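Take any residue in the sequence shown, count from 1 to its spot, add 23: that is its number in the numbering used here.
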Amino acid sequence: MSEQQTTAPFDNPDVQTALERLDELVTRLAALSSAATQGGIESLDQPYLSAYFLQMEELAMEAHLVSNDLGMTLREAA
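See below:
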């Protein structure tokens, strides 16, 4: 008979923190994307437009890193 894990991986505080951070990042990316699709960035001057896309890139990169870390943590817990 195989040993069963005593706590679910999602009960791990580190996993909960990562999930909360990932949710925050994805929400911010969705808001920025929504603003762009509604024409909210069309009036931005070039420096501000560059800053907008840089912010989106930084959020996406962090979301990717958090997602990778979360995946590794969950695989190790399985």
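From the three backbone atoms N, C-alpha and C, an ideal C-beta is built for every residue, glycine too.
All of these numbers come straight from a predicted model, not from anything done at the bench.
By Cβ distance, which residues of its chain are closer than 8 Å to V49, with the 5 residues on each side in sequence left out? For V49, the CB contacts under 8 Å within the same chain, skipping 5 residues up- and downstream, are A86 in chain order.
What does the alpha-carbon distance come out to for the pair N35 and R44? C-alpha separation (whole angstroms): 14 Å.
Nonlocal neighbours in the same chain, by C-beta distance under 8 Å from E81, ignoring five residues either side: Cβ within range, chain order: n/a, list empty.
How would you write the range of the alpha helix (DSSP H) that L97 sits in, first residue to last? L97 -> alpha helix (DSSP H) spans Q69 to A100.
With DSSP run on the structure shown, which of helix, strand or coil describes E47? Collapsing the DSSP output to three states places E47 in a helix.
Nearest residue (CA-CA) to D46, options A83, R98 and M95: Nearest option by C-alpha distance: A83.
Of the listed residues M79, Q69 and P70, nearest to S57 (C-alpha basis): Residue M79 is the option with its Cα nearest to S57.
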